[in-house]
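Under the numbering used here, the first residue of the sequence shown is numbered 5, with each subsequent residue one higher.
Here a beta-carbon is modelled for each residue, glycine too, at the ideal position from N, C-alpha and C.
Scroll down for the structure; my scribbles are underneath it.
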Amino acid sequence: MNILELVIIFSCIFIFSFLLTRYIIAFATARDIVDIPNDRSSHTVTTPRGGGLSISLSLIVCLVFVMKTHNNIPDHLLLFTFCIMLISIIGIVDDLRGLSIKIRASLYVLISTVFISTVLNQNIFESYYFIILLIILLSWFINMYNFMDGADAISSIQAIVCALPIAIIFSSINQNAFAVFCYGLTASSLGFVIWNWPQAKIFMGDVGSCVIGFVFGCLMIFTYLSNYFSLYIWFILLSFFIVDSSLTLVMRIIRREKWYKAHRSHSYQRVLQMGYSHKKLAIIFIIYALLIQWPASYIVYKMSDVGVYITAVIYIFLMCVWYVVQKKYRQITIR
5 MNILELVIIF SCIFIFSFLL TRYIIAFATA RDIVDIPNDR SSHTVTTPRG
55 GGLSISLSLI VCLVFVMKTH NNIPDHLLLF TFCIMLISII GIVDDLRGLS
105 IKIRASLYVL ISTVFISTVL NQNIFESYYF IILLIILLSW FINMYNFMDG
155 ADAISSIQAI VCALPIAIIF SSINQNAFAV FCYGLTASSL GFVIWNWPQA
205 KIFMGDVGSC VIGFVFGCLM IFTYLSNYFS LYIWFILLSF FIVDSSLTLV
255 MRIIRREKWY KAHRSHSYQR VLQMGYSHKK LAIIFIIYAL LIQWPASYIV
305 YKMSDVGVYI TAVIYIFLMC VWYVVQKKYR QITIR
């Protein structure tokens, strides 16, 4: 695929996502599909939700395009597309009417189980423990991304930060189908983030966040099974989301809190509660990507042997940041 074709595809998906998000804003506003601020939210203004539908539909369109135009498409791409459609539908229903936590979690685990069980080759992986581990991992990625979608722009920025370098890597190893798809995710997220940039005119909602979490989880699994490139690149590019969501979950479990309930305990939410604006938080996230995530990912891509060490340093750094933010927040609230 030449540069001109790639630019055309990228531009079309970007425009499609941008215009569709604008339509969703008008549609959601007219039909009162909005998020009303409460004691668990990080926003103060009533805002339309469900804008992530533009990303989900863009990804489905992109996958259909890939299957129509590429001869050597990856195995199970049709199942992958079908699962994205199912998760999108679940997200739409939840954004419109609301689903209980048990129903949502059960459906996501079921989809993850069907996908993993179908993709894995039983002749290679004899251990059912490995299958269960991947199901848990994929289910966690879906929920993790949903948990972290609580501040303007950071979920769409994370999608861009991760998808763009992964697309470039897939292009460099001639995995064009995956490359086009990741460029599509980048373009659709870019078209959406224009409307989601602080102060957000629309929120992503489950229809977008859960789909992106599923996509990244699946691509990570594909990368591991096919040995395309170092898995540590994924851990670096998703480091902020993984560390913040995981440590916060562990903290809430230790404190015997209802960890499955909506809350404002993540470090990024604490930063907002301490007076930082959504815009400053988004800019900090971008700077972190430019100065740490992308350079580190490039180094690991070129020298995979150092991946474990670089990843460890980044995760220790983020865990320290998480601890400092949580401690500072407690000190402020005690005063």
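For residue i, list the residues DSSP reports as bridge partners.
i: Pro-52; result: Val-38
Can you tell me where the alpha helix (DSSP H) with residue i in it begins and where it stops?
i: Ala-191; result: 180-200
i: Tyr-327; result: 311-338
i: Trp-144; result: 132-151
i: Ala-286; result: 282-292
i: Gly-221; result: 210-230
i: Lys-72; result: 57-73
i: Gln-162; result: 158-176
i: Lys-306; result: 298-306
i: Trp-238; result: 236-241
i: Arg-274; result: 271-277
Mind checking whether residue i and residue j have CB atoms under 9 Å apart?
i: Leu-90; j: Ile-64; result: no
i: Ser-249; j: Cys-66; result: no
i: Leu-24; j: Leu-57; result: yes
i: Gln-241; j: Ile-170; result: Correcting the residue identity first, residue 241 is Leu in this sequence and not Gln. Yes, they are a contact pair.
i: Met-323; j: Val-247; result: yes
i: His-282; j: Ala-183; result: no
i: Tyr-319; j: Phe-245; result: no
i: Ile-77; j: Gly-188; result: no
i: Tyr-236; j: Gly-311; result: yes
i: Ala-286; j: Trp-201; result: yes
i: Ile-161; j: Thr-190; result: no
i: Gly-154; j: Gln-273; result: yes
i: Trp-199; j: Gly-54; result: no
i: Arg-268; j: Lys-262; result: no
i: Val-113; j: Ile-88; result: no
i: Phe-218; j: Phe-134; result: no
Closest by CA to residue i, which one among the options?
i: Asp-99; options: Leu-8, Thr-51, Val-275, Ala-163; result: Thr-51
i: Leu-251; options: Trp-326, Val-113, Arg-26; result: Trp-326
i: Asn-6; options: Ser-175, Ala-316, Gln-203, Leu-242; result: Ser-175
i: Met-71; options: Asp-309, Thr-85, Gln-335, Met-307; result: Thr-85
i: Leu-124; options: Gly-154, Cys-222, Ile-216; result: Cys-222
i: Ile-40; options: Cys-16, Tyr-132, Ile-206; result: Ile-206
i: Phe-233; options: Ala-286, Thr-190, Ile-177; result: Ile-177
i: Ile-216; options: Val-275, Phe-151, Met-255, Ile-172; result: Phe-151
i: Ile-4; options: Cys-214, Leu-138, Trp-263; result: No statement about residue 4 is possible, as the shown extent of the chain runs from 5 to 339 and does not include it.
i: Tyr-333; options: Tyr-302, Ile-136, Tyr-280, Val-49; result: Tyr-280
i: Ser-92; options: Ser-121, Ser-62, Ile-303; result: Ser-62
i: His-270; options: Tyr-302, His-80, Lys-331; result: Lys-331
i: Ile-4; options: Thr-337, Leu-10, Ile-135; result: The chain is shown only over 5 to 339; residue 4 falls outside these bounds and no answer can be derived.
i: Gln-297; options: Ala-167, Ala-181, Phe-69; result: Ala-167
i: Pro-118; options: Asn-147, Gly-102, Ala-30, His-80; result: Here residue 118 is Val; the residue named in the question, Pro, does not match the sequence. Val-118 has its Cα closest to that of His-80, out of Asn-147, Gly-102, Ala-30, His-80.
i: Phe-69; options: Tyr-27, Phe-185, Ser-104, Leu-103; result: Phe-185
i: Asn-180; options: Thr-315, Asn-75, Val-304, Phe-289; result: Asn-75
Point to revise | Residue ranges of each beta strand (DSSP E) within the region 80-114, 3 or longer | key: none
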